[in-house]
Amino acid sequence: MKIKRKTVIILALSLLLLSSTVFTVLAEKRAPPYANAKTYALPLRSGYASADADVIAKPGYGRARLLAVAHVLGGMEGEAYASSYVEFNADPLPGNSPTLSWAPRIYAETYFHIKGAIIDVGGAQDHRLIISCNVYYYESGHWGFYGCIARSFRNPGDYNSGHVLGKCFDVYDMDIEEFTVTAKCSAVAAASCRQGPCPELYGAVDFYSEGYPYKYIYVPYLELWLC
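Quick note on this note's numbering: the sequence shown kicks off at -14 and runs consecutively.
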């Protein structure tokens, strides 16, 4: 009878530890609660540049909208550059992102659903959407950038697709105390003609106009695990 009682106690403790472990693992998968958004527009001479960004971040998901437009009028010399970006859980770090203590290998992952358009009306030098999963490290009281997994979209056309970004990172610095992960999306547009007569140049990355649910970038989770 004593043996059975001990067995029951051991089983109960094992189940308790197992349930605690599962809870801890699931807690590493958290939604972005906030984000920062920035824009930059630089028209030179007769160029026109415009950039917009906004973000909604709630428990369970984060949603960003980005716009970058570069336009040079036909028949005139001009340059224009525009960019906008949103980074979830980036200010202050680590925000509500999952954190992980030092380990020889770590795995970071996030997911983006992008819905919008890349437009090229001839001759724009650059127009692209960039999505990335960024890893940061904490050492001696400061956060620093460690690495990222990124993907660019440059081809003109309409987009409505999901993308998982995940990667294992080797860690060699034993002084690193912990890691965290963020999700970042950027829109860039550039056009330039420095010697006339110039054709009309227009490029836009539009994941902004018309609003949700027509154009947006959706981020439901951030993950950080041992690899």
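Glycine included, C-beta positions come from ideal geometry on N, C-alpha and C. Every value quoted in this text rests on a predicted model; they were computed, and no experiment measured them.
{"Asked": "Buried or exposed by the 16-neighbour rule on C-beta atoms within 10 Å, applied to residue 23", "Found": "exposed"}
{"Asked": "Alpha-carbon to alpha-carbon, residue 142 and residue 259", "Found": "Past the edges of the chain, shown from -14 to 212, lies residue 259, and the structure says nothing about it."}
{"Asked": "Same chain, Cβ closer than 6 Å to residue 150, neighbours up to 5 away in sequence not counted", "Found": "95, 118, 134"}
{"Asked": "Pairwise C-alpha distance: residue 34 and residue 110", "Found": "13 Å"}
{"Asked": "Straight-line gap, residue 89 to residue 54 (C-alpha atoms, nearest Å)", "Found": "43 Å"}
{"Asked": "Same chain, Cβ closer than 6 Å to residue 191, five either side skipped, listed in chain order", "Found": "52, 101, 102"}
{"Asked": "Residue range of the beta strand (DSSP E) that includes residue 145", "Found": "142 to 155"}
{"Asked": "Cβ-based burial, residue 50 [other Cβ within 10 Å; buried from 16]", "Found": "buried"}
{"Asked": "Strand pairing of residue 119, partner residues [DSSP]", "Found": "133, 167"}
{"Asked": "Boundaries (first-last residue) of the beta strand (DSSP E) holding residue 58", "Found": "Premise fails: residue 58 is in no beta strand (DSSP E) and is neither H nor E."}
{"Asked": "Counted within 10 angstroms of its Cβ, other Cβ atoms place residue 64 as buried (16 or more) or exposed", "Found": "buried"}
{"Asked": "Cβ-heavy atom distance, residue 25 to the ligand COA, below 7 Å", "Found": "Absent from the structure shown: the ligand COA. Ligands present: none."}
{"Asked": "Residue 210 vs residue 122 beta-carbon contact at 8 Å", "Found": "no"}
{"Asked": "Which listed residue (82, 66, 71, 84) has its alpha carbon closest to that of residue 48", "Found": "71"}
{"Asked": "Beta-carbon spacing of residue 186, residue 82 below 8 Å", "Found": "no"}
{"Asked": "Beta-ladder partner(s) of residue 69, from DSSP", "Found": "24, 172"}
{"Asked": "Residues near residue 32 in its chain [Cβ-Cβ closer than 6 Å; skip 5 each side]", "Found": "57, 63, 64, 65"}
{"Asked": "Alpha-carbon spacing of residue 97 relative to residue 136, whole angstroms", "Found": "11 Å"}
{"Asked": "Contact belief for residue 87 with residue 41 at Cβ below 8 Å, rounded distance in angstroms", "Found": "That belief does not hold up - the Cβ atoms of residue 87 and residue 41 are roughly 34 Å apart, past 8 Å."}
{"Asked": "Exposed unless 16 or more other CB atoms sit within 10 angstroms - verdict on residue 127", "Found": "exposed"}
{"Asked": "Residue 132 versus residue 183: straight-line alpha-carbon distance, rounded", "Found": "40 Å"}
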